[in-house]
Every structure is written in structure tokens, then in C-alpha cells.
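Numbering (the working numbering), first residue to last: 9 to 946.
Quick reminder that beta carbons are idealized off the backbone N, C-alpha and C, glycines included.
Reading through the C-alpha cells given below for one structure.
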Amino acid sequence: MRVVVVESPAKAKTINKYLGEDFKVLASFGHVRDLPAKDGSVDPDHGFAMKWEVDPKSEKHLREITEAVRKADTLYLATDPDREGEAISWHVRDVLDQRKALGDKPVHRITFNAITKGAVEAAMAAPRDLHRELIEAYLARRALDYLVGFTLSPVLWRKLPGSRSAGRVQSVALRLVCDREAEIERFRPREYWTIEALMATTGPDGGQTFTARLTHLHGQKLDKFGLPDEAAARAAEAAIKGTTFSVGKVERKTTRRNPAPPFTTSTLQQEASRKLYFSASRTMSVAQRLYEGVALGGETVGLITYMRTDGVQMAPEAIEGTRSAIARDYGTRYLPDSPRVYKTKAKNAQEAHEAIRPTDPGRTPAMVAPYVTKEQLALYELIWKRTVASQMASAELDQVAVDLTAADGSAVLRATGSVITFDGFLKVYFEDRDDAGEGGGDEDSNRLLPPLRQGDAVDRREVKAEQHFTQPPPRYTEASLVKKMEELGIGRPSTYASILSVLQNRDYVRLENRRFVPEDRGRIVTAFLENFFARYVEYSFTADLENKLDEISAGALGYREVLQDFWTDFKAAVDQIQGLRVAHVLDALDAELGPHLFPPREDDTDPRVCPKCGSGRLGLRLGKFGAFIGCSNYNADPPCRYTRQLVASADDDGGADDLAAGPRELGVDPESGKMVTLRKGPYGLYVQLGEQERIGETKTGKPKMGPKPPRASLPQGLDADRVDLQVALGLLSLPREIGTHPDDHGVIQAGLGRFGPYLKHGDIYKSLPKDEDPLLVLTIGLNRAVDLLAQQGGGRTRMAARSLGAHPEDGKPVMLKDGRFGPYVEHGKARASLLKADRENIEGLTLDRALDLIRAKAEKDAAKAGGSAGAGASTAPKGTAPKGTTKKAAASKARTTKTDSKTGSKTASKTAGRGTASGGGTATSRKSSGRKTASAGS
Numbered sequence: 009m010r011v012v013v014v015e016s017p018a019k020a021k022t023i024n025k026y027l028g029e030d031f032k033v034l035a036s037f038g039h040v041r042d043l044p045a046k047d048g049s050v051d052p053d054h055g056f057a058m059k060w061e062v063d064p065k066s067e068k069h070l071r072e073i074t075e076a077v078r079k080a081d082t083l084y085l086a087t088d089p090d091r092e093g094e095a096i097s098w099h100v101r102d103v104l105d106q107r108k109a110l111g112d113k114p115v116h117r118i119t120f121n122a123i124t125k126g127a128v129e130a131a132m133a134a135p136r137d138l139h140r141e142l143i144e145a146y147l148a149r150r151a152l153d154y155l156v157g158f159t160l161s162p163v164l165w166r167k168l169p170g171s172r173s174a175g176r177v178q179s180v181a182l183r184l185v186c187d188r189e190a191e192i193e194r195f196r197p198r199e200y201w202t203i204e205a206l207m208a209t210t211g212p213d214g215g216q217t218f219t220a221r222l223t224h225l226h227g228q229k230l231d232k233f234g235l236p237d238e239a240a241a242r243a244a245e246a247a248i249k250g251t252t253f254s255v256g257k258v259e260r261k262t263t264r265r266n267p268a269p270p271f272t273t274s275t276l277q278q279e280a281s282r283k284l285y286f287s288a289s290r291t292m293s294v295a296q297r298l299y300e301g302v303a304l305g306g307e308t309v310g311l312i313t314y315m316r317t318d319g320v321q322m323a324p325e326a327i328e329g330t331r332s333a334i335a336r337d338y339g340t341r342y343l344p345d346s347p348r349v350y351k352t353k354a355k356n357a358q359e360a361h362e363a364i365r366p367t368d369p370g371r372t373p374a375m376v377a378p379y380v381t382k383e384q385l386a387l388y389e390l391i392w393k394r395t396v397a398s399q400m401a402s403a404e405l406d407q408v409a410v411d412l413t414a415a416d417g418s419a420v421l422r423a424t425g426s427v428i429t430f431d432g433f434l435k436v437y438f439e440d441r442d443d444a445g446e447g448g449g450d451e452d453s454n455r456l457l458p459p460l461r462q463g464d465a466v467d468r469r470e471v472k473a474e475q476h477f478t479q480p481p482p483r484y485t486e487a488s489l490v491k492k493m494e495e496l497g498i499g500r501p502s503t504y505a506s507i508l509s510v511l512q513n514r515d516y517v518r519l520e521n522r523r524f525v526p527e528d529r530g531r532i533v534t535a536f537l538e539n540f541f542a543r544y545v546e547y548s549f550t551a552d553l554e555n556k557l558d559e560i561s562a563g564a565l566g567y568r569e570v571l572q573d574f575w576t577d578f579k580a581a582v583d584q585i586q587g588l589r590v591a592h593v594l595d596a597l598d599a600e601l602g603p604h605l606f607p608p609r610e611d612d613t614d615p616r617v618c619p620k621c622g623s624g625r626l627g628l629r630l631g632k633f634g635a636f637i638g639c640s641n642y643n644a645d646p647p648c649r650y651t652r653q654l655v656a657s658a659d660d661d662g663g664a665d666d667l668a669a670g671p672r673e674l675g676v677d678p679e680s681g682k683m684v685t686l687r688k689g690p691y692g693l694y695v696q697l698g699e700q701e702r703i704g705e706t707k708t709g710k711p712k713m714g715p716k717p718p719r720a721s722l723p724q725g726l727d728a729d730r731v732d733l734q735v736a737l738g739l740l741s742l743p744r745e746i747g748t749h750p751d752d753h754g755v756i757q758a759g760l761g762r763f764g765p766y767l768k769h770g771d772i773y774k775s776l777p778k779d780e781d782p783l784l785v786l787t788i789g790l791n792r793a794v795d796l797l798a799q800q801g802g803g804r805t806r807m808a809a810r811s812l813g814a815h816p817e818d819g820k821p822v823m824l825k826d827g828r829f830g831p832y833v834e835h836g837k838a839r840a841s842l843l844k845a846d847r848e849n850i851e852g853l854t855l856d857r858a859l860d861l862i863r864a865k866a867e868k869d870a871a872k873a874g875g876s877a878g879a880g881a882s883t884a885p886k887g888t889a890p891k892g893t894t895k896k897a898a899a900s901k902a903r904t905t906k907t908d909s910k911t912g913s914k915t916a917s918k919t920a921g922r923g924t925a926s927g928g929g930t931a932t933s934r935k936s937s938g939r940k941t942a943s944a945g946s
């Protein structure tokens, strides 16, 4: 038996029919592995090593493939014929190697551009090895996207609370939208006028009217702004009305209009957007179904070729089939003498794939209509028409331009017209409502002029002066944005749809009347990147990086070399920005976005003056939920609390409106088999594993319930719509072990407590920065954890606690510890800071010296209190009342301490040995099983 691995089950079923019983075709269901979404998945310090993780959803399919390969004698990897397809094949083979399923069995890579029996059989007859350079180009792209996203996004979260993420290509696409919006805002309309005259012939067949426009006045050729105002227009109108006109010059020429090439991914998305009103993602989804196959008369057949391509060329047999269909259906008049050959004009064509075309040009839309959906038929018809038209004869047009000259020479009017004398390809691919992109629908098309000869007199019927204003550049549609990205060399066919989706999902842009409008959140992110990471959102830099990826594909560059060149400069830029104060960032953004946030007022008053207090200055401010407009007198006396929302709060509802009606099921925990749910409690949102079970009844007949199931509160600032099964299980499994500290090999943990996410190293706790991504607690790696722990106590690394020996009176340990304000010694509740000389020789600190410090501190405290209960009280064993203190007073003090610990007072925090509450959570809030029960969700 031979095993063939493809990407989708629809393809698997069709291909299995073509190959027969000796083959078993299985689907990988897309990518089977990816880089885990956490710190350290790409390691620049070790040759950009990548840690891959099998997607839990793919495990079932991988097991099935593994079992089949163990019993097979040959493996064929038949994933899609592009960079991503090559990567999927590499991942599958690598996993099979790791699971020792391959042994010495031959592994072949095959590709086909269409799912037809002939294409599949031809591919099976010409297998090859995996393309190493394509795989390396994929590795480089994936590493670049990861390094940018996981390095730049945390900077955004720290400097711009409320921001979502940044990406290597998505940020550049966002800049395009924001730059266009800034152009529109800067635009100032300019007035201009035009003059049109309705003219008529005067011959025996006179009376035929036509329109002419003023082009010359008083010997000067008029440009667009030749008539800048109404006064100039009225003067020109009077000049025309005061004279007669005759035909001065007649120009006639025949022009040819050539068809457009067949579709690439980009042009298909553009045309489907303009003509069918499909989004890019919808276009690709429908095209995928047409490519994978449709049941035609009991047989599943792929209707179009592979739909992710930069190429415009077609296979010779496809060209021949198209020409045969043209000759049969439209006649030889519509067939050029030789086939048309097209070449890719895209800045960076990825691979030499065919254009998107019907697998059989003779299969007309009418023939497939009974077997496909309305959407599929519309897209197939568009592809079929474009393909057939691309091999048809050119359209021929007669164009005429006539100059009408005033008798006194004061003015010249021009009339133009054209007529299609042979429709050619327009017979197939022509739509009145949108032909601008195809060259078939300008305003002069099919406008006929009456027969006019030089010297003929013409009558003037009506003169019309019309006012106009220049228009700002239009906002991008999906079609025009994809076209612009392709022109600049940004992105690739497989990425256009996902880029546009990400921008909308992140709330950086919105679609309004089918055009992209940037949200304020998106503009702030773009302004930040342009001010502090300008190089990395430059169009030319991004395109150059795409060129380097193509050179890796061609074997001209090593992928590690490209990654190292990029990472060296990028990491330096990030490190430089890390040190910037948020206030500095805010000032830069306030200046950059001032014209947008505070546009000029009609009454010319200062738009930054606070409308509430009248004296404060409005400016951009940052809060924990994002940016807002606030008054500069916020901290004045008296304070002005005026604020204005800039972007929707990331935590307004958290996407949790639907939770009022009941829990939201997130999925089944693979370990316990219990349902994981998202719920809304009196203290906020939380996730829960399973349900509380009834274990019996009380004596009164009431139900007796078992222990509460594991729960975990959502960290502050985490949107409910970001919580999926993976996130929920991560929260429930806290605290998690990150690794061992390189200095003392103590374990570092990440957890979530009453004060939020924290790190724990020994008895040291460190809260995670509040302006970070709330899910950092699930993804933070060892290096970042060590850095954050080192920031505690003025940027130094805090040492672990150690015992100096037993106290000679009670035998209990005297400890050397490190706190917020430096190292100290401790015995029971007595503490004493180390002096400068002791800190300089901390390794040589002895038990006797520690006891001297504790005794001196106790005597000093007693002197301040004016009492005599000094050293004995400080060094007494736990539970022994100090001298001069009654047992009743001691018990009272103990009760006070207990009460304070329940309320979480400062006294209790000190007693716990943690200083002030800088960490999050206590040991009692976490269970040994690894599941956490959070009070907020109870």
C-alpha cells in the first residue's frame, strides 16, 4: 500500500478515486505544527532554532497518518504547490521521523496545479524530493513574523495600553490605510469651472447635436484650473456666446484594446470585490471549493486551478483548449492568429505557477450551473470569462476628435467620440457598471459624433458653465488595497486575505460603505511605529525583505544570514525604545495626531482649550484601558476631570454581554474530559472546569454538594472574546513552572493571585507589569522572567534567603534575606538591616554578627518607645511574651495580628515576610494539583 498525504479531506476523496485501491489518501487538514505563542519559540542566540509544537487539533489526523505509514511501503506528500504547501509536507515528514514511522521507506514530493485525473497521474509519474530552499524561505518568513510580533507587541502593550498587536506586514498595510486617511484630512478642496456647449450641425441633414468643451481661450490652452472662479467662467461663457463656430480640425484614428491576462490571486480578489462585492476572504473560500472539486454527474472534478498564485501564464494545453473553445463558440474572427503570451508584472512573483483558470475551458458556466451554489457559479463565471477573453482578439475602436474654432479666434471647443467597430474580447468580458479596470467603459465609449468636415459651420444651441471642486483621494477598498500592496511588493497571494481580516479583527480599521476607515486605535499604533520604528514600517524595507525571502527560495541567500541581519538592527531598535518614558512617547503621539484629534474649529477658537474648566489644555492621555483625551488641569487644585473617549475601552464589556444568560462553553479538557466554561460572577469573569457535583442530601433534605470545581479569574484587562479553550486551560493550570534561575538554580513560577499576575522565585514575588498583555503570565519565558525579577529592588538581582545558623536561646534559624530595601537578618519577627560594611562582605556574614545587629535594632526600638522591653522581647522564642508584658496583653496582640492578616492589612503583609504587597496572590489561593481556585470567580 502507498500513502498519499494532501491538505483537505475534499481533495483526499477525489484523488483516491483517481489513484485506485492500491493507494490510501489522507488529509493533514492544513498545518500540523506551529511555533507556540510564547516567549522563546525562536532562539536568536542559537542559530534561530525553532521549537515546533503539534496543534492539538491535528493530533488525531497525525495519528491516523502515522498508523497508515507504518503499514505502507511508500509515502507521497501531495500538499499544495507553493511555499506553505512545501512547509506542510516538511512538517508531516519531520513528525513521522520523530515518531519512527518512516524507517527507510521512500518519501516522494508531488505537486499538481489542478485536481483532475490527468494532472494527478502526471504528478505521480514525476515525483521529486522536498524543495529545501522553499522550506528555508518558509522558516525565514515564519521566524521573522514571530520575532517582530513577539518583540514589538510587548513594547506596544507597555507604551500604549489598549493596543492589540503589531505584525511585520499587517503594520505596513495599516500604515497604508492611515496615510490615506491623513491625506484626506490634509486635503483642501480647490474650486475650478468648466464650460460645455451644446452644438448642432447645419448641413442638409442638420440638427444633429453633440457636446463640446472649452479647451482654449484668448490663445491660451486651459488646464484644469484655467477657470478658477465664477467671474472667469462667466467671462468665458460670454466670449463663447458672442461669436460663431466652425469645424477647424478633424482627427480620426483606429485604436485597439487588448484583453487583460488571466487572474492571479490579487486580480481575482480585486475583480470579485468590484463586480461581485465579495470580500477577499470570501473570494478565497469560494475559490477553494471550486479548486478542491464539485460533483458533476457522479464524479468529483476540480473546476479551477490552484488559486494562490502570482503567475499569469497558462499551460500550453490550456491555451490550446481555450482557443478551441473560442473558435467553436464565437468563430475564427474572434481568434488571434497566434496564442497570447503574458508575463508577470508583479514586483515579487513568488513561484512560477499558472494563472487561475478553468481546468477545462470547454466547461462553460451554463454547464456547471446545476451542480454549484450561486456564489460558486458567480466566481466560476468570472474566472471562465476572464480566461477565455485573455486569448481572444483585440477590440477595435474608431476615435474622432474635432476642434471647433471661434470666428474671432477667441476660443476653441473640442468634441470627442468613439465607436466600437469590432467588439473582440469585449463580447465575453464586458460589464457596463465597472469596466474601468478592464479598459472598456470610459465616458467616450460608444459616443458617436455626427459627420463633420473641416470648414463646416456649426450652430451653438446652449452654453453651460459648471462649478467643480477637487476631490480628496478615495479611501481604500479591499480591491484597491490589495492592488496597492501588490504594487509595492508587500505580502504574498496567500497572505492578502488574512492581513485584511487581522486589521479588522484587531479593531484597527473598519469597513464603511465598502471602504477602509482607520480607527483611532489603529492611527495611534501607526503613529507610534512611524515615530519610533520608522524603518520597519517603510514600504521599501518590507518589500526588500520579501525580495530576500524570494532569494532564499532561489537558493541565492541563506535564511539564517537574512534573519541575523534583520535581528541585529531590530533588537537594537527595540532595546533603545524600551528605555523611553511613556510621557515622551505620549508627547510625540500628541504632536503627530494633533491635527486629527483637534481639528480647526469654524469659529477659529483654540480646539485644545478644555470646554469644562476653560483654562486647561486638552491632550492625549493614556490609561490602563487605552488612550483618551484629557485636561491638563487633572492634578490641579481644584482638579478638572474632563475626559473624552478616544477609542472604545478594551474592557467596557469584554465581549461578555452574552454571559448574563449563562455560561459559555469553551470546549472539553482533554485530560479530565470535563467541559470548560466561561462565566460571569459577582466579582467578574472567570473560567471553570466541570460542574459542582451533588453527593447526597442533608438531614433536612437539601442537596449536599461536593467541593467547588477548579476556577480561575480572568486577569484585569483581558477581553472575554480572547478567551478560548487553550487560554482557559492555561489559566486553570496556574501557577506554572517557567524554569530555574541561572544564579541560584531556584525555581521560577508564574501565577495569578489577588493582586494580579506575578512571578515567584523562592520567597520573592514580583508583579508582572500592568501595562503588558494580560496573558503574559501564560507565555512569559525564562529570560524575560529573570529580567523582571532583576528589576525589583532598583534593578539588582535579589539573592535567595539562607540560614546563618540556630539561635543559641531557642534553636530556631537566623536567616539572611533580601528585601525591597536591601539585605537584612531575621529571627522570628525580629529584623535588622545590614550596615554598609556588612553588605560589602555579605558572603562572610556570621551568626554572631547577625545577633549583634538584631540586638542593636531591638535596643534602638525600645529606646524610641521609651520602654524597657528591648532585647529580650526581640529575641524571645515565638509564643513567649516579652518581659514586662502580661499574658493577656500578648494574647490580645496575637488576636489583632490574626484579624489584620484576614483583612490583608499592611501589618499582615509584613508579618508574612513579603514587605508591601508587590506580588499577586498567596500560597493559600493555589492548590497542589496545579488548578487554581480564584475568589473573584466564586
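Item: For ILE788, collect the residues of the same chain with a Cβ closer than 7 angstroms to its Cβ; drop the 5 residues on either side in sequence, then sort them by chain order.; Value: ASP47, ILE746, ALA758
Item: With 16 other CB atoms within 10 Å as the buried threshold, where does LYS285 fall?; Value: Lys is not the amino acid found at residue 285; the sequence shown has Tyr there. It is exposed - the Cβ of TYR285 has fewer than 16 other Cβ atoms within 10 Å.
Item: For GLU559, name the three-state secondary structure that DSSP assigns.; Value: helix
Item: Pull up the distance between the alpha-carbon of ALA243 and that of TYR388, whole angstroms please.; Value: 56 angstroms
Item: Spatial neighbours of GLN475 within its chain, please: C-beta separation below 6 angstroms, excluding the five flanking residues on both sides.; Value: TRP201
Item: In angstroms, rounded to a whole number, what distance separates the CA positions of THR651 and ARG194?; Value: 26 angstroms
Item: Any idea what DSSP makes of VAL13, helix, strand or coil?; Value: strand
Item: Looking at ASP411: is its Cβ nearer than 9 angstroms to the Cβ of VAL255?; Value: yes
Item: What does the Cβ neighbour count give for GLN462, buried or exposed, with the cut at 16 atoms within 10 Å?; Value: exposed
Item: Quickly, what does DSSP pair ASP51 with across the bridge? List them, please.; Value: ALA57
Item: Within 10 Å of its beta-carbon, does ARG331 have 16 or more other beta-carbons around it, so buried, or fewer, so exposed?; Value: buried
Item: Rounded to whole angstroms, what's the CA-CA distance from ALA414 to LEU222? Just pull it up for me.; Value: 11 angstroms
Item: Once you ignore the five residues that flank LYS229 on each side, which residues in its own chain have a CB closer than 7 angstroms to its CB?; Value: THR223
Item: Exposed or buried, which one is ILE364 when buried takes at least 16 other CB atoms within 10 Å?; Value: buried
Item: Would you kindly work out how many angstroms separate the C-alpha atoms of THR395 and PRO366, rounded to a whole number?; Value: 8 angstroms
Item: Does DSSP put MET315 in a helix, in a strand, or in coil?; Value: coil
Item: For the structure I just gave you, are there three or more beta carbon pairs, one from the segment 40–54 and one from the segment 321–338, closer than 8 angstroms?; Value: no
Item: Is DSSP giving ASP42 helix, strand or coil here?; Value: strand
Item: Where does PRO526 sit, in a helix, a strand or coil, going by DSSP?; Value: strand
Item: Return the CA-CA distance between ASN24 and ASP42, expressed in angstroms with no decimal places.; Value: 28 angstroms
Item: Could you tell me the boundaries of the beta strand (DSSP E) in which ARG260 lies?; Value: 253–265
Item: Quick check: what's the CA-CA separation for LYS688 versus LEU164?; Value: 29 angstroms
Item: What is the residue span of the beta strand (DSSP E) that ASP595 lies within?; Value: ASP595 -> not in any beta strand (DSSP E); alpha helix (DSSP H) instead, spanning 590–605.
Item: With distances taken Cα to Cα, identify the nearest neighbour of PHE541 among ILE585, VAL517, LEU557, VAL320.; Value: ILE585
Item: Taking a contact to mean a Cβ-Cβ separation below 9 angstroms, would you say LEU343 touches GLN399 in this structure?; Value: yes
Item: Does the beta-carbon of PRO369 have 16 or more other beta-carbons within 10 angstroms, so that it is buried, or is it exposed?; Value: buried
Item: Can you grab the Cα-Cα spacing for the pair PRO44 / GLU61, in whole Å?; Value: 6 angstroms
Item: Rounded to the nearest angstrom, what separates ARG762 and ASP781 at their Cα positions?; Value: 18 angstroms
Item: What separation, rounded to the nearest whole angstrom, lies between the Cα atoms of ALA798 and ARG810?; Value: 19 angstroms
Item: Is it the case that the Cβ atoms of ALA793 and LEU767 are separated by a distance below 9 angstroms?; Value: yes
Item: When you compare only the Cα positions, how much space is there between LYS868 and PRO647?; Value: 43 angstroms
Item: Grab the span of the alpha helix (DSSP H) containing SER332 for me, first residue to last.; Value: 324–338
Item: Taking only the alpha-carbon atoms, compute the straight-line gap between ILE192 and TYR504 and give it to the nearest angstrom.; Value: 24 angstroms
Item: Assuming GLN696 contacts PRO717 under a Cβ cut-off of 8 angstroms, what Cβ separation, rounded to an integer in Å, is found between them?; Value: 6 angstroms
Item: Using the C-alpha atoms, what's the distance from GLY692 back to GLU600?; Value: 37 angstroms
Item: Compare the Cα-Cα distances from VAL349 to each of THR372, ALA335, GLN321 and report the closest residue.; Value: GLN321
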